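**Q** The sequence shown begins at 122 in the working numbering and counts up by one. Glycine included, each C-beta is placed from N, C-alpha and C at the ideal position. In this text the structure is predicted, and so the values were computed from the model without any measurement. First the structure, which I've put down as structure tokens, then a few questions once you've had a look.
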Amino acid sequence: MKKFSVFTFSVSVLVLLLTPELYASDLGGEAVSGLALGSGIGIGIAAAGGGIGMGRMVASGLDAVGRNPGASGQILTYMIIGLALIESLVIYALAITFLLLNKI
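Listed below in structure tokens is the structure:
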């Protein structure tokens with residue numbers, strides 16, 4: 122455990138010392154390709170997370186309706202609001218991706 126914490130501290134110090142030099146350079150070819158790759162991976166993770174969250178929410182909503190059919194209207198309302206909030210996070214990730222890709 123001590124070796125891991127020493128290693129983590131050393132890497133953190135190294136990153137903090139090298140960060141100004143890394144960001145001082147102009148956008149080169151590697152930075153542009155990294156920006157495109159990072160935005161693609163970011164929107165992929167956001168879409169996957171949103172899909173998993175929506176699937177779990179719908180499954181839980183259907184389970185709740187199966188247990189108490191009388192409350193289906195109220196459960197449906199809360200489920201639609203929750204799905205809209207989850208989808209808004211994915212749309213924000215898409216907007217950030219477009220903003221990053223406009224820098225290329």
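Taking a contact to mean a Cβ-Cβ separation below 8 Å, would you say Lys224 touches Leu156 in this structure?
**A** Looking up residue 224 in the sequence shown gives position 103. Looking up residue 156 in the sequence shown gives position 35. Yes, these two residues count as a Cβ contact at 8 Å.
**Q** Between Thr218 and Gly163, which are expected to be in contact by the criterion C-beta below 8 Å, what is the C-beta distance as a whole number of angstroms?
**A** Position 97 of the sequence shown, counted from the start, is the residue given in the question as residue 218. Position 42 of the sequence shown, counted from the start, is the residue given in the question as residue 163. That pair is a contact at about 6 Å.
**Q** Inspect the beta-carbon positions of Ala180 and Val211 and report whether they are closer than 8 Å.
**A** On the sequence shown, residue 180 is found 59 positions in, with the first residue counted as 1. On the sequence shown, residue 211 is found 90 positions in, with the first residue counted as 1. For Ala180 and Val211, no; Cβs fall outside 8 Å.
**Q** Please confirm whether Ile196 and Met175 have their CB atoms less than 8 Å apart.
**A** Stepping through the sequence shown from its first residue, residue 196 is reached at position 75. Stepping through the sequence shown from its first residue, residue 175 is reached at position 54. No.
**Q** Output needed for Gly159: all residues of its chain with C-beta closer than 8 Å, excluding positions within five of it in sequence on either side, in chain order.
**A** Along the sequence shown, read from residue 1 onward, the residue named residue 159 stands at position 38. These residues qualify, in order along the chain: Leu221.
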